[in-house]
Structure formats: C-alpha cells, structure tokens
Amino acid sequence: MSGVPDYQRFAERFLDLSSNQRDSDGGPSMFDSAAMPGLYDIQAGPGHIKCYMKVGKTHVNFMGNLHGGCTGSLVDLVGSAALATLGTTPHVSISITTNYLRPAPIGTIIRIESSVIKPGASVNTMIVHIYDDASNKMVAQGTHIKMMMHKQQMPGEYSAPKNEDTQTSRL
35 MSGVPDYQRF AERFLDLSSN QRDSDGGPSM FDSAAMPGLY DIQAGPGHIK
85 CYMKVGKTHV NFMGNLHGGC TGSLVDLVGS AALATLGTTP HVSISITTNY
135 LRPAPIGTII RIESSVIKPG ASVNTMIVHI YDDASNKMVA QGTHIKMMMH
185 KQQMPGEYSA PKNEDTQTSR L
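Residue numbers (the working numbering): 35 to 205.
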C-alpha cells in the first residue's frame, strides 16, 4: 500500500477489526461486529475520519429507523477511530453523549464524520456528526471523551503509526 498514509491504513484496520470480525462459525465475534457491519469508503486524516453506512435491517428499531443504540455505537466506534489515527496509546471511554435529531429510515445512506477536537496526553475529546448523506441533514451528534492507558497494552497484532509526540500502541 505504498503512497497510503499510515493514519489511513490504521483507520481502515481499526474499523475492520472492530466491525467485521467473525468467529469460526461465521457469526460476529464481538458486539461491534454484530452491531456495526457495513462501514465503507473510509477516509482518514490525522485526527479525522469520514465513512458511510447503509442503514440495514440489523441497524433499525421496530419503527424501521436507525436504532438509538446503533447510533450511540457509531459515536463510540468512529470517535475511537478518529483518535486512533493519531497513533495514540490504547484508550478507554470516560463519557459518550449522543443527541438524536431526526430519523434515518432503513435504506438511508448515512455519513459519519469524527474529529479529535481536544487532543491530550491523558484525556482526548472527539466530536461525531452523523448525516443523511442524500439530504445533508444531521441525524445525530455525539461527543466521546477517552482516557489514555499508558501502562497497559490491549491484545491484538496491529501497531499504530508513530508520531513524534505519541507512543506506538497495540490494538
């Protein structure tokens, strides 16, 4: 993948590990794999990420609209991916808030954008916006605050890209 920046590869790998993992019988191997399949067209820069998802039958509530829990999970997952583009150490959530603004019915293409708005050595804050891509109307907005885990390592095989002011992490 020459010519592709490290943060782009890391964002794609982070989201793939989080949302597309399957166990030996083909079923989802963790919550994000069950709740978040289908993220695509991932575009990343340092501290920023944009991706898309078609609202499918596994993403909706009984009224056929994007489920609030799925929306909150997108704030968690895509907010974490924005932070991961910075090559940070492993991190855990402190707070996630989600504001639900309008429904996104099944079949809607949503655009999820996240940025690190306050990077820090111990605590980082990300903002996440979810739009109906066709109308460009905001469906939801969230804030995700994460704490860095400097003395622990998370299991996994992928190391984050190195930046001058951050450590390499393992997810």
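Beta carbons are placed, not taken as given, at the ideal position from N, Cα and C, and that holds for glycine.
For clarity, every value in this text was computed on a predicted model and none was experimentally measured.
In this structure the segment 114-131 does not touch the segment 86-96; the number of beta carbon pairs closer than 8 Å is below three. In the structure shown, the three-state DSSP call for A78 is strand. Residue pairing for E147: DSSP places it in a beta bridge opposite K84, H163. I140 has its alpha-carbon roughly 27 Å from the corresponding atom of D57. In this structure, the beta-carbon distance from V173 to I143 does not fall below 8 Å.
Taking 8 Å as the cut-off, the beta carbon of A155 is found closer than this to the beta carbon of M182.
For the pair D75 and L100, the Cα-to-Cα distance works out to about 20 Å.
The beta carbons of I130 and H178 sit about 5 Å from each other, so the pair counts as a contact at 8 Å.
A115 is positioned such that its CB atom lies no closer than 8 Å to that of V150. Residue pairing from DSSP places S127 in a beta bridge opposite K180. Restricting attention to I164, F48, V157, T119, the CA atom closest to the CA of N133 is found in I164. Separation of G121 and F44 (C-alpha to C-alpha, rounded to the nearest whole angstrom) is 8 Å. A residue is called buried once 16 or more other Cβ atoms fall within 10 Å of its Cβ, and A168, having fewer, is exposed.
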